[in-house]
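Using my numbering, the letters of the sequence shown correspond one by one to residues 972 to 1042.
Inspection log for the structure reproduced underneath, given as structure tokens.
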Amino acid sequence: MTFLDDSLLPATSNAVERGNRRHRKMQKTVYRVRTQQTIRCRIALDMQHDLRAPARHQTTATLHQQRRETG
């Protein structure tokens, strides 16, 4: 692929690549051979997980702040 050697394009970070691989793997696992009901339930579970993300982020930020203050 020639465009990967283009010096004008910025390189992608390893973290982004890892995230993309993780996402693709999850999609393969989730949507492989499943019934419509199982897929619906999985989507609902993913939506609940996404709704809780801000609270998880706040918890992580608080823990990191405490470590900085005490460490």
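The beta-carbon is built from N, C-alpha and C at its ideal position, and this holds for glycine as well.
For clarity, every value in this text was computed on a predicted model and none was experimentally measured.
(request) Could you tell me the distance, in whole angstroms, from the CA atom of Arg1005 to the CA atom of Arg1013? (result) 10 Å
(request) Can you give me the start and stop residues for the alpha helix (DSSP H) that Thr1009 sits inside? (result) 1007-1022
(request) Reducing DSSP to helix, strand and coil, say where Gly990 ends up. (result) helix
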